[in-house]
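Trainee: If you count the sequence shown from 1, position 99 lands on 99 in full-length UniProt numbering, and the numbers rise without skipping.
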Amino acid sequence: MSSSRPGVIDHAAQTAYSDPGEWAHLLDPLPTDAAHLSHVARNLIVHYRSADRVLPIASAGDINLRWLSDQLATDQRRHGAPLHEEREPEERLQGCCRDHSLFCVSVLRHKGIPARTRLGFAHYFSAGWQGDHVIVEAWNGSEWFRFDPEIEMPSAALPTPLEIPAGPGSPFETAAEAWRSYRAGADVSNYGVEGVSGVCGPAFVRDEVIYEVAHRFGDELLLWDGWGAMQGPDGDAGADVELIDQVAQLLVEADSGDLAAEQDLLTLYRQDARLHPGATVEQFGPDGTHAKVTLRPQPG
1 MSSSRPGVID HAAQTAYSDP GEWAHLLDPL PTDAAHLSHV ARNLIVHYRS
51 ADRVLPIASA GDINLRWLSD QLATDQRRHG APLHEEREPE ERLQGCCRDH
101 SLFCVSVLRH KGIPARTRLG FAHYFSAGWQ GDHVIVEAWN GSEWFRFDPE
151 IEMPSAALPT PLEIPAGPGS PFETAAEAWR SYRAGADVSN YGVEGVSGVC
201 GPAFVRDEVI YEVAHRFGDE LLLWDGWGAM QGPDGDAGAD VELIDQVAQL
251 LVEADSGDLA AEQDLLTLYR QDARLHPGAT VEQFGPDGTH AKVTLRPQPG
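1) Could you give the DSSP three-state label for Phe217: helix, strand or coil?
2) Are the beta-carbon atoms of Thr74 and Leu102 separated by less than 8 Å?
3) Determine contact between the segment 15 to 34 and the segment 98 to 116, defined as no fewer than three beta-carbon pairs at a distance below 8 Å.
4) Going by C-alpha distance, which of Lys292, Ser170, Cys200, Val40 is nearest Leu100?
5) For Trp227, which residues of its own chain have a beta-carbon under 6 Å away from its beta-carbon, when the five flanking residues on both sides are left out?
6) According to the Cβ coordinates, are Ala214 and Ala229 closer than 8 Å?
7) Please state the DSSP three-state secondary structure of Trp129.
8) Under a Cβ-count criterion, where at least 16 other Cβ atoms within 10 Å of its own Cβ denotes burial, should residue 324 be classed as buried or exposed?
9) Assess contact between the segment 201 to 221 and the segment 232 to 247, defined as three or more Cβ pairs (one per stretch) separated by less than 8 Å. Is contact present?
10) Kindly indicate which three-state DSSP category Ser2 falls into: helix, strand or coil?
11) Only counting the same chain, and skipping five residues up and downstream in sequence, which positions put a Cβ closer than 6 Å to that of Gln71?
12) Taking the alpha-carbon of Thr174 as reference, which of Gly195, Ile151, Asp132 has the nearest alpha-carbon?
13) Report yes if the C-beta distance between Gly169 and Val188 is below 8 Å; otherwise report no.
14) Quick check on the burial criterion: 16 or more other C-beta atoms within 10 angstroms. Buried or exposed for Ser38?
15) Mind checking who Tyr191 pairs with in its DSSP beta bridge?
16) What does the Cβ neighbour count give for Asp287, buried or exposed, with the cut at 16 atoms within 10 Å?
17) Judging by CA-CA distance, which residue of Leu30, Gly95, Glu91 is the nearest neighbour of His47?
18) Taking 7 Å as the limit between beta carbons, can you name the residues of its chain near Ala12, skipping five residues before and five after?
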């Protein structure tokens, strides 16, 4: 993923979602290397579907905090301590991969390092299942590199969690790559949310392509927000298929370092209302909640 510059937008600039707001000072002492930054992210946020502990009902609503400034405000009301100071798992913010990754992206941007969230499917959680996932992509001065802040220890399925390779055969497959594979005849029935009936398959992968382009261009929405052309996992995978094909192709070309393709993708994203969120989104929380949410305006 080499290129002379990191992209067609400024990935070192905070977005409405990654902006720490009045809590920016909490990011000042934090590290920028992937290993230590990931440790801080795991200390701040515990996955709401954590299998090895029972999390408090009182903090279950944390999962719908889509703006980092609100997450940090919630953490500080509970702890009032530096972010690297140890928190018990049951006292951490409840969130998911999107939140671990957005936090890391915010810290890196705060330090002037271009970074963004990447959406796709992890091939390293459960054999035979490709779990929907979000990881970090950061610019090292000459190329993008990927890391997964949720994974502490290497494994046979993911030997290098702090430097995940990209492209064919990668343990992390972008949504665009998965969609193109599906369109070429691959079976994606096992792509989605493991353990949740029906939240998988072609229509799920289709919507993930929209999430992927939104996150790439700074609309780092919750993974249960809906807008535009989204269908939901039980929707029609063939809806707007030419558009989804075009977006997926441009995403893959942009990942290869083709800045012209990325500029075309940005123009398409901004101009086509089926792709970008408007003033509101529909939130369909995994806790069963449904709400219409008014979004904060993006900077600038």
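Yeah, the Cβ is synthetic: ideal placement off N, Cα and C, and Gly gets one too.
Mentor: This is what the structure gives:
1) coil
2) Contact flag unset, no.
3) Using a C-beta cut-off of 8 Å, the segment 15 to 34 makes contact with the segment 98 to 116, since at least three inter-stretch Cβ pairs fall below that distance.
4) Going by the sequence as given, residue 100 is His instead of Leu. Among Lys292, Ser170, Cys200, Val40, the Cα nearest to that of His100 belongs to Val40.
5) Pro277, Val281
6) no
7) strand
8) As displayed, the chain neither begins before 1 nor continues past 300, which places residue 324 out of reach and without an answer.
9) yes
10) With a pLDDT of 47 at Ser2, under the threshold of 50, the predicted position of this residue should be treated as unreliable, though the coordinate-derived value follows. Reduced to three states, the DSSP call for Ser2 is strand.
11) Leu65, Leu93
12) The shortest Cα separation from Thr174 among Gly195, Ile151, Asp132 belongs to Asp132.
13) no
14) buried
15) Gln130
16) exposed
17) Looking at the Cα atoms, Gly95 is the closest of the given residues.
18) Arg109, Gly112, Ile113, Pro114
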